[in-house]
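Novice: Chains as they are written, first to last, in the numbering used here: chain A, 161 to 931; chain B, -9 to 297. Heads up, the beta-carbon is just placed ideally off N, CA and C, and yes, glycines get one too. Have a look at this one before I ask anything.
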C-alpha cells in the first residue's frame, strides 16, 4: 500500500512534499544537496481555513507517573487525600462566587454606562426634534458609541488580542485539550471584562453573555492555582492542583459557572461543560461543576438583589432575564408543532447565512485587517454605522404606539409621534439588546407592526454579522436571540393575520421565543446545553419540547450548509481541534502514515549538551521526547523505548542542574521533588533563559527518575480511528509508535491527527503553518 | 353610629325573619331611592321598602327555603344594621364611580364615598365587640365561601388603588391636593385657548406656550409621582386633541441632512475596507512541512490512494 502511494506521488505530482520533509529534521539534512534546500524554503500562502497553526500545543492531561510522583503518593496519608477532596469543593465554591461577582459587576457597569449614554442621547434628540438639527443628535450618538467602542477595542487590540470575541471558541479548544496561549490569564480576564462593558455600552450588536463563560474559565484557572503569575503573587495554597489535569477540571467548572451566571441556567452550564469537554468527566466532577454553577447564579442573584434595593429577594438569576412566560401565553397546541419545525428550519437557514457571511468576513479580516490600529478603526466604524442605521430606522419609522402604563420602555423616544405615544422602532434599537429581547418576548400583541419588525430583523442581522469577529470582546448569543425574536414575532403576527379567529395564535411572544431559539441554534449549533439553557432562562419547562425540536431542526438544516459559528472560528484560527470521532473513511490510514518520523529521542542517561541543543533548536519545537535504552551502535537504528519526558521537565531539570556528576554533592542538597515542577507551572522558562556553562555541557543527566516510565504506545499498523480514540479519551499529548521490537519509529501528536478532515471530495489534509 | 343604634330596634323587628334571605332582593329594589341618599339619615324609609317587598315575595321563597334558622345561627341585629349601612355606602360609591367613569373624574368626586365605605368596612372587619357581645366580622364576612362583602369591597379598593387616587388627595383623602387643583387650572387654560381658534395652524402656534407649560407641569408631577387617573386621563385627552384633532405635530423637516449624514457614515466603511484591501499587505502564512516517515502520504495522494 505504502509503496503504491509513493509511486503515485512520485509520478503524478512532481512537487513531492514527502521528499522535502526530512530537511527540517536536521538529522538527514546532509544527504540532500543545496538545490533541495533552496527548494524547500517555506512556501507562503494567504491565510485560509485549511491550516494548522504551530503556536498551539496540547495540554498534558496524561499524568506522568514517574518516581517522584510515586514517592509523593506514598508520603501522602489517607487524610490528606480527604483534604484534597474538600479543597476541590472549596475551590469550586470560590469559582462560583467570583464568577457571580464578575457577572454582577459587568451587569451594573453596563446598565449605568448605557443608562448615561441613552439618557444623554434622548435628551439631545428631544431637544433637537423641536428645534431642528436632528443630524447633530445622530452624530452625537455615533460619536458616543464610537468612543466607548474605541476604548474597548484599544485595550483588546493592543494589550490582549486573545480577549477578542466571545471566548467560547477558545474555551472550547481549552476543554478539548489545546493550550491556547494566554487564554486563562488574569490580564485576559481584566481586559475581557473591561472590553465587554465598553462594547455593550457602545451600542454594538453584541451581548455580554458569551464573555462570561470565558471569564468564568479564567477565574477557575486562577483560583485553582492559588496564585497569579501576572501579579507575581503566590498564596502558597492549592499547590497540588498546579498541573493541567487538575486545572482542566476546574476550568470546566468555571465555564459552567459562567454560563450559569450569564443565563441563570445552572444545569445548562453543567451540560455546556460536558458537551464541550465531555471526554473527561466523571460523576463527582459533574457534581462539583454543578455546585460551582449553583453558587455562581446564587451569588449573582444575591448581589443584584442588593443592588436593586431588595436584599434577599432571589428572583433574578441571570444576566439576561427572559422574564416569565406564564398565563395563557405559554400554552401551545399539537397543531403548532409543525409550525415550530418550520421556524426551526428557517432559523437553520438564516443561521447558515449568518455563518457564511461571517466566514468570508473573518477571512478578510485575518488577511487584511490585522494591524491593531486598523482593528480599532474597524470597530469604531461598526459602532458608528450601528448608531447611524439605528437612527435612520427610528427617524423614518412611522410606527407609533401609545405609552403603556407599566412603561416597559426604559427610554421611550417620541420623535414625530403624537404626544403620549412613542416610536416603536426605538424600543428595538434605542435600548440595550437584552431589553429589546425581553420586550419582543413580552410586550402585548400589537406593540410592533410587521414592517417595523421586518426592517429591524434585516438591519440587525447584517449589523450582527458584521460585528461578530471584531476586535472587541463581545458575544453572539444576544444578537442571535434578538434577530430570532424579531422574525419570530413577525411570524407570529403574520400567523394571527391568517387565522384571526383562533386566539391561541394571537400571542406573538411565544413565537418570538421559538424564533430566538431557532436563530441561536442555527448560528451556534449547540444542542443539549442550549435547549436546557433556554428552558432555564425562560423558567418554563412547558417549552422544553418545542425548543428541542426547533434546535434539532435548526442544526440539521444548518449543518447541511456550513458548520456552526464557533467551529468556523476555531478552524480559522488554525487550532488543532479534535472532534468526537476520527473522520469517517479513515480506517485505512495507519499510525505509520500519520506519525511524525524520525523522532528525536534521548538516551536514559543523556549528555547535557545534546539536551540543550535539541531544546534550543528553533526550527523544531518538540515538547515530548521518547527516552530510549542507551544504544551503543550507530545512530540510524532507533532505540527501544523506556519512557517519555517532556520539555517542561527537562527545563526544570536543567534549571536545577540535576546532573550525574553532581550526584555526590546533591546528597547534601535537597532532592528534587514534584513541587519544583509545579512551581514552574504553567509558564516554564524558555530554554534561552537557562544558562549552561561549557563544563556543564559535558555532564550527563539521568532521566530515569523523572521520565514517565510507561507512556502509551501503539504498533505501526494501528488505524487512525484507534489512535484518535486513544487521544480523545485519554487526553494524550504524545503517542509513541513502536515497531514489533519496541523500537521508537514515530510519534503521533495532536496536530498529526487534527490535520485529517473530511472536505468536499473525501479526506483532506491540512497544512501546518507558522502563524 | 348614634343614629344606627337608635333604629336598631325597628330594623331588628322588620328584618328578623328575612334578613339573610332577602337582602339581595331588597337591595335591587332600593336602587332608585338610594340614588340621592347619603348615609344614615334616610335609614328608616330605606328600611321600610324592603319589608313591603319582602312580604310580597315571601310566599315564593318560603317554598324553597325555610327562612328561619335556629336562634344561635341568626345574624345579630347589630350586624344586620352594619350590613345595611355597608350596602348603602357601597351603592353610593359604585354609583359615583360609574357616573364619573368617562371622562375619568373619580378621584375628584368620589373620595368622600370611598372614605365612608372604607370606614364601614373597617368597622365590620374589626374584631371589636358590638353591643350584643358579638363581632360581625365572622358572621358577615366569613360565613360562606363567597365572602361577598369582602370580595365586593376588595374589587372597589383595587379600582381605587390602581387609579392612584391617593396621589391626588391629601393625606387622609379629605381634599384635593393643591398640585392637583393647580394642574386642573393649567389644563383649563390650555383648553380655553384651544377653544378660541378655529384655524388649526394658528392654534398650534398660539396655544403652544400654554400647552407646553402644561406638558412640563405634567412631566414634573410624573416625576414626583403625584398623578392620579383623573390627571392622566385629562392629560391624555388634551394630548390627543393637540396631536390628533388639531394635528399640531412636529414637522419632519430634516430628512435631507439626516440622509446626508447617514450616507456619509455608511460610506466610511466602504472606504475603510477598500483601502485596507488595497494598501494593507496581505497576511501570509509560512507553510511548514512536517517530518514524515519515508512512506508518508501527502494530502495530494490520499485521493490517489483511494482510487
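#1: Among the candidates A:806, A:727 and A:720, whose CA atom is the shortest distance from the CA of residue 761 of chain A?
#2: Out of A:705, A:418 and A:409, which one is the CA nearest neighbour of residue 445 of chain A?
#3: For the stretch 300 to 321 of chain A, enumerate the residues whose C-beta is nearer than 7 Å to any C-beta of chain B, in chain order.
#4: So that I know if they touch, is there some Cβ in chain B lying closer than 7 Å to that of residue 913 of chain A?
#5: Tell me which residues share the same chain as residue 166 of chain B and place their Cβ nearer than 7 Å to its Cβ, disregarding the 5 neighbours each side in the sequence.
#6: Compute the Euclidean distance between the alpha carbons of residue 696 of chain A and residue 591 of chain A, then round it to the nearest angstrom.
#7: Can you look up residue 296 of chain A in the DSSP assignment and give me helix, strand or coil?
#8: Just to make sure I have the definition right: I need the residues of chain B whose C-beta is within less than 7 Å of the C-beta of residue 290 of chain A. Which are they?
#9: The beta strand (DSSP E) with residue 259 of chain A in it runs from where to where?
#10: Is the beta carbon of residue 508 of chain A less than 7 Å from the beta carbon of residue 645 of chain A?
#11: Report the residues of the stretch 258 to 281 of chain B with a CB closer than 7 Å to any CB of chain A, ordered along the chain.
#12: Using a Cβ cut-off of 9 Å, pull out every chain B residue sitting near residue 928 of chain A, in sequence order please.
#13: Taking all protein chains shown into account, decide if residue 785 of chain A is buried (16 or more other Cβ within 10 angstroms of its Cβ) or exposed.
#14: Going along chain A, which residues have a C-beta under 7 Å from residue 251 of chain B?
#15: Taking Cβ-Cβ distances shorter than 7 Å, what residues in chain B pair up with residue 537 of chain A?
#16: Between residue 279 of chain B and residue 787 of chain A, what straight-line distance do the alpha-carbon atoms span, to the nearest angstrom?
#17: Among residues of its own chain, excluding the 5 on either side of residue 429 of chain A, which ones have a beta-carbon nearer than 6 Å to its beta-carbon?
#18: Are residue 544 of chain A and residue 632 of chain A close, meaning C-beta to C-beta below 7 Å?
#19: Consider the Cβ of residue 200 of chain B: report whether some Cβ of chain A lies at a distance smaller than 7 Å.
#20: Compile a chain-ordered list of the residues in the stretch 74 to 106 of chain B whose CB is closer than 8 Å to at least one CB of chain A.
#21: Check this for me: beta carbons of residue 763 of chain A and residue 804 of chain A, under 7 Å apart or not?
#22: By Cβ distance below 7 Å, which residues in the same chain neighbour residue 393 of chain A in space, the five residues on each side in sequence not counted?
#23: Name the chain A residues whose beta carbon is nearer than 9 Å to that of residue 232 of chain B?
#24: Does residue 552 of chain A pass the burial test, meaning 16 or more other C-beta atoms within 10 Å, or should it be called exposed?
#25: Taking the straight line between their C-alpha atoms, what separation do you get for residue 536 of chain A and residue 472 of chain A?
#26: Which residue's Cα is closest to the Cα of residue 780 of chain A: A:309, A:215, A:232 and A:206?
#27: On the DSSP bridge assignment, give the partners of residue 560 of chain A in chain order.
#28: Beta-carbon of residue 214 of chain B versus every beta-carbon of chain A: anything under 7 Å?
#29: Is it right to say residue 241 of chain A is buried, meaning 16 or more other beta carbons lie within 10 angstroms of its own, or is it exposed?
#30: Decide yes or no for the touch test of the stretch 291 to 305 of chain A against the stretch 609 to 628 of chain A: beta carbon pairs closer than 8 Å, at least 3 of them.
#31: Where do the N-terminal and C-terminal ends of the alpha helix (DSSP H) with residue 753 of chain A fall, by residue?
#32: Check whether the Cβ of residue 179 of chain B lies closer than 7 Å to any Cβ atom in chain E.
#33: Residue 260 of chain A and residue 460 of chain A: beta carbons closer than 7 Å?
#34: How big is the Cα-Cα spacing for residue 87 of chain B and residue 80 of chain B?
#35: Looking at the secondary structure, which residues open and close the beta strand (DSSP E) in which residue 204 of chain A lies?
#36: Any chance you could list the beta strand (DSSP E) runs of at least 3 consecutive residues sitting entirely within the stretch 672 to 725 of chain A, in chain order?
Specialist: If we stick to the structure as given:
#1: A:806
#2: Taking only the C-alpha atoms, the option nearest residue 445 of chain A is A:409.
#3: 302
#4: no
#5: Cβ neighbours of residue 166 of chain B within its own chain (closer than 7 Å, five residues either side excluded): 98, 158 and 159.
#6: 24 Å
#7: helix
#8: 240
#9: No beta strand (DSSP E) holds residue 259 of chain A; the alpha helix (DSSP H) holding it covers 238 to 291.
#10: Result no, Cβ atoms of residue 508 of chain A and residue 645 of chain A do not sit closer than 7 Å.
#11: 258, 259, 262, 266, 267, 270, 272, 273, 274, 275, 276, 277, 278, 279, 280 and 281
#12: 277, 278, 279 and 280
#13: Counting other Cβ atoms within 10 Å of its Cβ, residue 785 of chain A reaches 16 or more and is therefore classed as buried.
#14: 295, 298 and 299
#15: Residues of chain B whose Cβ lies closer than 7 Å to the Cβ of residue 537 of chain A are, in chain order, 262.
#16: 25 Å
#17: 416, 419, 420 and 453
#18: No, these two residues do not count as a Cβ contact at 7 Å.
#19: Chain A places no beta carbon closer than 7 Å to that of residue 200 of chain B, leaving this residue out of the contacts.
#20: none
#21: no
#22: 387
#23: The contact set of residue 232 of chain B on chain A, defined by CB atoms closer than 9 Å, consists of 578 and 579 in chain order.
#24: buried
#25: 42 Å
#26: The shortest Cα separation from residue 780 of chain A among A:309, A:215, A:232 and A:206 belongs to A:215.
#27: BP columns for residue 560 of chain A point to A:583.
#28: no
#29: Around the beta-carbon of residue 241 of chain A, fewer than 16 other beta-carbon atoms lie within 10 Å, marking it exposed.
#30: no
#31: 751 to 754
#32: Of the protein chains in this structure, namely A and B, none is chain E.
#33: yes
#34: 11 Å
#35: 204 to 206
#36: none
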